[in-house]
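In the numbering used here, the protein residues as written are 7 to 296.
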């Protein structure tokens, strides 16, 4: 398998002083990129382009994630806020444009078409999620499912390149990994008292809480407020998210065990280990919280 060096290659496009100074960038989607790179590298129909494809989709994902950070609320803004907003928009556009350049330069027109279709689908899913959230018609489980689906949609573009027998396992691993990432972020937010600002905790309390506590959600949307801390503690938001994350990690390990290639199976297990180690202090992939 070719050495994994996608973050190094991507740094050529990401490390711009102006962008880093004025526009906080999202995290590099390393776990999903490692999973994609591992599967593509193991299959003869895709191995030759595994590095190109992984780099291209990492830049597309960064572009979409950067645009998601753009503040769209109306109101007066200071010059600094306006500059940061404009630079986020431009940074997202810049990252997205690089994927076209990379793939077009390699004559990968069909992959440009596939990824462009996935970008449209990602935006459609985000719009649908926004409408559901605005109508308060979302359950906590649907919240997780929608966000995991949005995170995995770009990577679905490469399913057709894999051998047919491995595609179902790839899809299940990808969706499970995306769900782990969402749960990791939600758990981290709960530690900072921010779990009720439209996140999983908000939808859980809205679904399972008393009428009085549902009213309190309006006050609890402020990060680290007393109301937020109270609801997070009483509804065991941190513990529930930790349990879900551990269960998801167990499923990921089980799925990895079904990979025929021992080398790829070990690579996939390491992806799960890294994510769990970054999320909470655990034993490797056991989900045991300490």
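Virtual Cβ for every residue (Gly too), placed ideally from N, Cα, C.
From a predicted model like this one, the values you see are computed outputs, not experimental measurements.
Annotation note: the region 178 to 265 contains no uninterrupted beta strand (DSSP E) run of length 3 or greater. In the structure shown, the three-state DSSP call for residue 30 is coil.
Annotation: the region 108 to 171 contains the following complete segments of the alpha helix (DSSP H) (minimum length 4 residues), in chain order: 115 to 140 and 146 to 158. Within the same chain, Cβ atoms closer than 7 Å to the Cβ of residue 250 are found at 189, the five residues on either side in sequence being excluded. Under the three-state reduction of DSSP output, residue 51 falls in the coil class, being neither helix nor strand. In this structure, DSSP gives residue 103 a helical state, which the three-state scheme calls helix. In this chain, residue 8 is not harboured by any alpha helix (DSSP H), its DSSP state being neither H nor E. For residue 52 against residue 108, the beta-carbon gap comes to about 16 Å, at or over 8 Å, which does not count as contact. Looking only at 29, 8, 127 and 208, the smallest Cα-Cα distance to residue 142 is reached by 208. Bounds of the alpha helix (DSSP H) holding residue 74 are 56 to 74. As the crow flies, the alpha-carbon of residue 282 is around 22 Å from that of residue 71. A direct Cα-Cα distance of roughly 15 Å separates residue 29 from residue 19. CA-CA distance, residue 31 to residue 15, rounds to 17 Å.
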